[in-house]
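Notes to accompany the following structure.
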Amino acid sequence: MLQSADGEPVRAAGDMFVVHMDRESLNDYPLGKYDVTVIITRFERNALIEWTISGQVQPPMRHLYGYRLEPAEGGTLVTSYYDWSEIDERYREAGIFPVIPEAGLRATLGILARTVE
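This is the structure:
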């Protein structure tokens, strides 16, 4: 799904970068290749990163994703979370949420681990 990204490393809430996506890899919605802007909504170095997505879809979906980081013996405990409670009613009625299945969100933890190890 995520193909690549352009932008600087994030350091604070409000930072943004562009992600190049290909939804066809999930074989669920025929969106093809598209770009989204990731907007960091909360950032605490070594503790928390949270973001929302902005794209061509209007009105904005208003969903959040994040990771909480906690020191643990031998490494870091990472908790992935999401919040779709503020999505626009049109998207709720369309039944498209969750846009990423729970198994897909869990898989990001493995990707994250491989990235930092």
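Position one of the sequence shown corresponds to residue 710 (the working numbering), numbered consecutively onward. Each residue gets a CB set at the ideal place from its N, CA and C atoms; glycine is no exception.
For this session: Keeping to the same chain, check which residues put their C-beta closer than 6 Å to that of residue 744; ignore five residues upstream and five downstream.
Result: Residue mapping note: residue 744 aligns to position 35 of the sequence shown, counting from 1. So the list reads 727 and 729, once near-sequence residues are dropped.
For this session: May I ask you to report which of helix, strand or coil DSSP gives residue 749?
Result: As a position in the sequence shown, residue 749 is number 40, starting the count at 1. Strand at residue 749.
For this session: On a CA-only basis, which of 770, 765, 746 and 812 is nearest residue 802? Give me that one, please.
Result: Counted from its first residue, the sequence shown places residue 802 at position 93. Nearest option by C-alpha distance: 770.
For this session: Please work out which residues of its chain come closer than 7 Å, Cβ to Cβ, to residue 814, disregarding the five sequence neighbours upstream and downstream, and give them in chain order.
Result: In the sequence shown, the residue the question calls residue 814 occupies position 105. Cβ neighbours of residue 814 beyond the five flanking positions: 789 and 791.
For this session: Classify residue 823 as helix, strand or coil using the three-state DSSP reduction.
Result: Taking the sequence shown and counting its residues from 1, one reaches residue 823 at position 114. In this structure, residue 823 counts as helix in the three-state DSSP scheme.
Exercise. Which first and last residues belong to the beta strand (DSSP E) in which residue 777 is found?
Worked result: Residue numbering aside, residue 777 sits at position 68 when the sequence shown is read from its first letter. The continuous beta strand (DSSP E) containing residue 777 extends over residues 773 to 781.
Problem set entry | Assigned exposure category for residue 818 - 16 Cβ within 10 Å defines buried | Within the sequence shown, the letter at position 109 stands for residue 818. Taking all protein chains in view, the Cβ of residue 818 is surrounded by fewer than 16 other Cβ atoms within 10 Å, so the residue is classified as exposed.
Exercise. Would the beta-carbon of residue 776 fall within 8 Å of that of residue 758?
Worked result: As a position in the sequence shown, residue 776 is number 67, starting the count at 1. As a position in the sequence shown, residue 758 is number 49, starting the count at 1. In this structure, residue 776 lies near residue 758, with their beta-carbon atoms less than 8 Å apart.
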